[in-house]
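S.K.: In the working numbering, the protein residues as written are 153 to 697. Ideal placement from N, C-alpha and C gives every residue a C-beta, glycine not left out.
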Ligand code: F6P
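(1) Would residue 202 and residue 622 qualify as a contact pair, given that the criterion is a beta-carbon distance under 9 Å?
(2) Within 10 Å of its beta-carbon, does residue 381 have 16 or more other beta-carbons around it, so buried, or fewer, so exposed?
(3) Between residue 352 and ligand 1, is the CB less than 8 Å from at least one heavy atom?
(4) Give the list of continuous beta strand (DSSP E) stretches no shorter than 3 residues that lie fully inside the stretch 429–461.
(5) For residue 548, which residues in the same chain have their Cβ closer than 6 Å to its Cβ, ignoring the five residues on either side in sequence?
(6) With respect to the beta strand (DSSP E) encompassing residue 547, which residues constitute its N-terminal and C-terminal limits?
(7) Should residue 317 and residue 421 be called a contact, given that it needs their Cβ atoms to be closer than 9 Å?
(8) Please find out if some non-hydrogen atom of ligand 1 comes closer than 8 Å to the beta-carbon of residue 655.
(9) Return yes when the C-beta of residue 332 is under 8 Å from any heavy atom of ligand 1, and no when it is not.
(10) Which runs of the alpha helix (DSSP H), 4 residues or longer, sit entirely within the stretch 206–240?
(11) Which partner residues of residue 349 appear in the DSSP bridge assignment?
(12) I'd like the list of long-range same chain contacts for residue 521, defined as Cβ closer than 6 Å, with 5 residues on each side in sequence excluded.
(13) If you compare alpha carbons, which of 651, 348 and 672 is closest to residue 246?
(14) Taking the alpha-carbon positions, what's the residue 568 to residue 575 distance?
(15) On the criterion of 16 or more Cβ atoms from any shown chain inside 10 Å, does residue 666 qualify as buried, or is it exposed?
(16) Would you mind stating whether residue 136 and residue 454 have Cβ atoms separated by less than 9 Å?
(17) What's the gap between the Cα of residue 544 and the Cα of residue 333?
(18) Identify, in the order they occur along the chain, each residue of the same chain with its Cβ nearer than 6 Å to the Cβ of residue 354, setting aside the five sequence neighbours on each side.
(19) In the stretch 455–517, which residue ranges form an unbroken beta strand (DSSP E) of at least 3 residues, counting only runs that do not cross its ends?
(20) Is residue 625 buried or exposed, if buried means 16 or more other CB atoms sit within 10 Å of its CB?
(21) At a cut-off of 8 Å, is residue 348 close to ligand 1 when judged by its beta-carbon and the heavy atoms of the ligand?
(22) Please report the straight-line C-alpha distance between residue 206 and residue 536, rounded to a whole angstrom.
(23) Classify residue 293: buried if its beta carbon has 16 or more other beta carbons within 10 angstroms, exposed otherwise.
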């Protein structure tokens, strides 16, 4: 086994390119024809999720070669290192222990697990208390609405889970404010009553400008409505590692729930960051969400790569990114409640693997984290699917397909499922020039007209896609689905040799943001600005005055 963390130095990686070249123009339909077992052979199941990856540009030889890479990188040992609490976040000298947040045993991490379980108890206390109508505001009215103020990992996960589990929603309505654009807070508060609204200031660092600015504005809103400084405490909870800063903000210690530096923001929905979801859907449902994720963790750490869902998805990500030049990945949930999933996955995958040096600091010469995008089906079909079917880019796709709806509107749901399966199949089979010509002739076009229009209707097909199906969107399947993508992201980081748990790239923009904010407020020192930025600052000044 080699010691390198550079993907392109790995012998098993070097073996992939010739296989990819052979398969890049293969017919997946033909692969099905030659292997009648392909659909069942190229599928795997775990934690209530079924993965069909049979519509990929893949054959047994290529799959074996990818699995050899998994062995060389030793993905099973990587999984064990993650769950075992090893210091895998090497640039910050920390473990990444999001799996402990949903564990039901300490597994040797006794002290940390004790903190996790005592925080769970406090989360349960607040979820129950709010749902029982026991928390009152400054005028003794019962709290009916909770606003989570946070951004990035302190927003996207809880927002997604709350929206996805709306059928499980209790009496408290949870709202989310993230953007420093005042319109976000302003528009949210417009529909709320200050007497009955509680804010959760959710910030791992308690230093994030957007969150603190919105938190202060929320405090002003309550003061303007008649709350005094002492009564404000009833309206705020804080989720943070920075308990001193939360105290300085004025949040009572018993209203502060801890986080730990060993949980990355984008992996933190399972922690106190998820309190707003636990309030929205109740503690029992939140526990079921943790259970679903734990099932996926157990699968991840105990299943060989050839049947391991996160490992297979990660190998596919590498296959297209690094041998076939795909720079993107599209995620298409066919369930409206999952419409925020692409947003969540964008942070998860792009903040994790948007890196350019390996663990050991070597600059890579290959693609790492692809651009992730997508939207809920069927909306995307009437927007960007044209590019998926006929565009010139390779866009590997994940279809996410819950098989049942909570709405009771069965026929309409059948239409949704039909659309999902049709898109997946259409991407694979495409339409040849001859088929297009024949179809036009059948529509009554003459030979010449049909021949000249046919190239516009022809579709290459062989557009690779996976389908992840499961019973329905519920707390356990949702937990499993998010954990699946977390582990896929981690495995991809290991294959590329990068650290998926730091995010140094976000720092510079924040620093320059502070300088420019000073400049806009007339407090700019001698900070040198480029001519473009200077000109834009003067345009802003002219517009303001
Ligand atoms: O700027 C990026 C980031 O640090 C994310 O990694 C994080 O999820 C987000 O900002 C919010 O950070 P915090 O929870 O510390 O406010």
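M.R.: Looking at the atomic coordinates:
(1) Numbered from 1 along the chain shown, position 50 holds the residue referred to as residue 202. Numbered from 1 along the chain shown, position 470 holds the residue referred to as residue 622. Less than 9 Å separates the beta-carbon of residue 202 from that of residue 622.
(2) Locating residue 381 in the chain shown gives position 229, counting from the first residue. That one is exposed.
(3) Taking the chain shown and counting its residues from 1, one reaches residue 352 at position 200. Checking the Cβ of residue 352 against ligand 1 gives no.
(4) Whole beta strand (DSSP E) segments, 3+ residues: zero.
(5) Residue 548 sits at position 396 when you count from the first residue of the chain shown. Within the same chain, and ignoring the five residues on either side of residue 548 in sequence, the residues whose Cβ sits closer than 6 Å to its Cβ are 472, 478, 481 and 616.
(6) Walking along the chain shown from the start, residue 547 turns up at place 395. Annotation for residue 547: no beta strand (DSSP E) segment contains it, and DSSP assigns it neither H nor E.
(7) Position 165 of the chain shown holds residue 317. Position 269 of the chain shown holds residue 421. No, the Cβ-Cβ distance between residue 317 and residue 421 is not below 9 Å.
(8) By 1-based counting over the chain shown, the position of residue 655 is 503. Yes.
(9) Here residue 332 refers to the residue found at position 180 of the chain shown. Because no heavy atom of ligand 1 lies under 8 Å away, the Cβ of residue 332 does not count as near it: no.
(10) Correct list: 212–225 and 227–235.
(11) Taking the first residue of the chain shown as position 1, residue 349 is located at position 197. Its beta-bridge partners are 297.
(12) If you number the chain shown from 1, residue 521 lands on position 369. Here the set comprises 501, 502, 505 and 506.
(13) As a working mapping, residue 246 is identified with position 94 in the chain shown. The residue with the shortest Cα to Cα distance from residue 246 is 651.
(14) As a working note, residue 568 is residue 416 in the chain shown. As a working note, residue 575 is residue 423 in the chain shown. Taking the straight line joining both Cα atoms gives about 11 Å.
(15) Translated into the one-based positions of the chain shown, residue 666 becomes position 514. Flag for residue 666 reads exposed.
(16) Outside the shown range of the chain (153 to 697) lies residue 136, about which nothing can therefore be said.
(17) Within the chain shown, the letter at position 392 stands for residue 544. Within the chain shown, the letter at position 181 stands for residue 333. Looking at the two C-alpha atoms, the distance is approximately 37 Å.
(18) Within the chain shown, residue 354 is the residue found at index 202, counting from 1. Excluding residues within five positions, the ones whose Cβ falls inside 6 Å are 300, 302, 306, 391 and 425.
(19) With a minimum length of 3 residues, the continuous beta strand (DSSP E) runs that stay inside the stretch 455–517 are 480–485.
(20) Translated into the one-based positions of the chain shown, residue 625 becomes position 473. Buried, by the Cβ-count rule.
(21) Position 196 of the chain shown, counting from 1, holds the residue named residue 348. Not one heavy atom of ligand 1 is found less than 8 Å from the C-beta of residue 348.
(22) Working through the chain shown from its first residue, we reach residue 206 at position 54. Working through the chain shown from its first residue, we reach residue 536 at position 384. If you take the alpha carbons of residue 206 and residue 536, they lie about 24 Å apart.
(23) Your numbering for residue 293 matches position 141 in the chain shown. Per the 10 Å Cβ criterion, exposed.
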